[in-house]
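For the sequence shown, this note's numbering begins at 2 and goes up steadily by one.
C-beta atoms are modelled at their ideal positions from N, C-alpha and C, and glycine is treated no differently.
From a predicted model like this one, the values you see are computed outputs, not experimental measurements.
Below is one structure, written out as structure tokens; comments come after it.
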Amino acid sequence: MISREYSVFFEQLGKNNHKEWFHANKKHYEQEVKAPFLALLDHLIPELTTWDPRIPQEAKTALFRINKDIRFSKDKSPYHTVMKAGFSPNGKKSMLPGYYLGIDAHNIHVGGGLFMLRPPELKKLREHIARDTDQLVRLVENADFISSFGRIKGEKAKRLDKSLVEAAEKTDLIYNKQFYAMAEFPLEPFFGSEELTEEILEHFKGIRPLIDYLTAALE
């Protein structure tokens, strides 16, 4: 289970984000951060694979590296200050819709959707939205969905194909180039608690209809 030591590590990493500090505290990271996070994933994955058996069953395959890719970043700090995991068919870097979990020093981020879309898949998705606009609107305008996740996020295009203009009158989401939503809530109440798994799964259940809609569009 995730303990207060998890938060302490990331609070300190935020102030000492360099290789010397990390390597000096790597044992703390392995024991108090990585191990409990992987254990949490082990509890989540069996439920997710009942929803979509294509999601890999190994927790390590869902885990994103704590090391940052700083080659093209202005921020040269080498480590993320959050543990992240992605649950998608064909793995965490799949271009298919999936679920996301991130836990930093103080907050839990739970959600999902489509984060990477190539032009052919984006065209296919927009055509699906144009054919079935009402269902998408019902999903994202649902009061429970908004209460948990707020509005759908994602970068938007400035222009649309003329064939999609009618659908755009019903929802501007058809302009999106990404389709995802995220809930955020405090970590502290869940220190040492087995209820964290159920809380995360409840949020995954809340976003599952959107994942299913996006999946159907691309299939």
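Limits of the alpha helix (DSSP H) - the one that residue i falls within
i: F23; result: K20 to A25
i: V9; result: R5 to K16
i: G1; result: Past the boundaries of the shown model lies residue 1; the chain is included only from 2 to 220, so the question cannot be answered.
i: H81; result: From DSSP, H81 is part of no alpha helix (DSSP H); its letter is neither H nor E.
i: I130; result: P120 to R132
i: P54; result: First-last for P54: undefined, no H or E at that position.
i: E167; result: V166 to A169
Close Cβ partners of residue i (< 6 Å) along its chain, the five nearest in sequence each way excluded
i: K93; result: A63 and G87
i: H44; result: T198
i: F65; result: K85
i: H129; result: A218
i: F186; result: I109
i: E6; result: E33
Beta-ladder partner(s) of residue i, from DSSP
i: L115; result: F180
i: L102; result: A86 and V111
i: K154; result: Y181
i: F146; result: Bridge partners of F146: none, in fact.
i: L64; result: A86
i: F186; result: I109
Cβ neighbour criterion (16 or more within 10 Å) applied to residue i
i: E33; result: buried
i: I153; result: buried
i: D105; result: buried
i: P37; result: buried
i: P98; result: buried
i: I109; result: buried
i: R127; result: buried
i: A182; result: buried
i: S149; result: buried
i: V141; result: buried
i: N68; result: exposed
Other residues of its chain near residue i: CB distance less than 7 Å, five sequence neighbours each side excluded
i: D53; result: P90
i: T134; result: A168, K171 and T172
i: R119; result: M96
Expected contact under 8 Å - CB spacing of residue i and residue j to nearest Å
i: S4; j: H107; result: Actually they do not touch by this definition, with Cβ atoms about 14 Å apart.
i: A184; j: H204; result: 5 Å
i: I208; j: G112; result: 6 Å
i: G103; j: L211; result: The pair is not a contact, with the Cβ atoms about 18 Å apart (cut-off 8 Å).
i: S78; j: N18; result: 4 Å
Short CB-CB distance (under 8 Å) between residue i and chain B
i: P90; result: Reference to chain B is not applicable here, since this structure consists of a single protein chain.
Sequence-distant residues of its chain with Cβ nearer than 8 Å to residue i (five each side left out)
i: D145; result: G207
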